[in-house]
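Peer 1: Heads up: the sequence shown at position 37 corresponds to 421 in my numbering, and the numbers run straight through without jumps. Would you mind keeping the following structure in view while I ask a few things?
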Amino acid sequence: MRQIHKAATRYALQEIASNIQSDLDRRNLSYEEALNLGNILQDRADTLPGDEIVYAVSDRDSYRRTLELYLKDGVLTQAEQLLLWEERRRLGIGDQVHNQLMEQLLAVWTRQGKSVQIHAFRGGMTDVQS
Numbered sequence: 385m386r387q388i389h390k391a392a393t394r395y396a397l398q399e400i401a402s403n404i405q406s407d408l409d410r411r412n413l414s415y416e417e418a419l420n421l422g423n424i425l426q427d428r429a430d431t432l433p434g435d436e437i438v439y440a441v442s443d444r445d446s447y448r449r450t451l452e453l454y455l456k457d458g459v460l461t462q463a464e465q466l467l468l469w470e471e472r473r474r475l476g477i478g479d480q481v482h483n484q485l486m487e488q489l490l491a492v493w494t495r496q497g498k499s500v501q502i503h504a505f506r507g508g509m510t511d512v513q514s
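Quick look at the structure:
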């Protein structure tokens, strides 16, 4: 845990996350221990500059994978948003983290020339170029 707090870059955190995953794979860590460390690691990543996504065993990464799955077809429907809200509630993911993940994913997709349509909850549709 000390390494997580000493990490000065998101890249350093990603290296730590990879080591945690390796320890989990070798059964040197339980899933609960890895999840706890991953959640701490994600909180630390929030304090560092940059918009790179840090991939780690964590509630946030689980939610990010779900979000990517729903965005894969380039459309986020009202029904999908309701399902995402339920998943966020279950994992304890707040609006701020959700919005941050959305911005990070949309930034990645913008660089790839993709666009995403996000259906508004009340009438109409917003088109987010990404």
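The beta-carbon is built from N, C-alpha and C at its ideal position, and this holds for glycine as well.
As a quick exercise: from Q387, G434, A429 and P433, pick the residue whose alpha carbon is nearest that of R444.
Peer 2: Ranking Q387, G434, A429 and P433 by Cα distance to R444 puts A429 first.
Peer 1: Let me know the secondary structure DSSP gives T393 once reduced to three states.
Peer 2: Three-state result, T393: coil.
Peer 1: Give me, in chain order, the residues of the same chain whose beta-carbon lies closer than 6 angstroms to that of L408; leave out the 5 immediate sequence neighbours on both sides.
Peer 2: Once the five neighbours on either side are set aside, the close Cβ partners of L408 are A418.
Peer 1: DSSP on V481, reduced to helix/strand/coil?
Peer 2: Here V481 sits in helix by DSSP.
Peer 1: Contact between the segment 452–469 and the segment 410–427: three or more CB pairs below 8 angstroms?
Peer 2: As far as the Cβ criterion goes, the segment 452–469 does not touch the segment 410–427, which means the pair count is below three.
Peer 1: Give the straight-line distance between the Cα atoms of E487 and A392, rounded to the nearest whole angstrom.
Peer 2: Cα-Cα distance, rounded: 22 angstroms.
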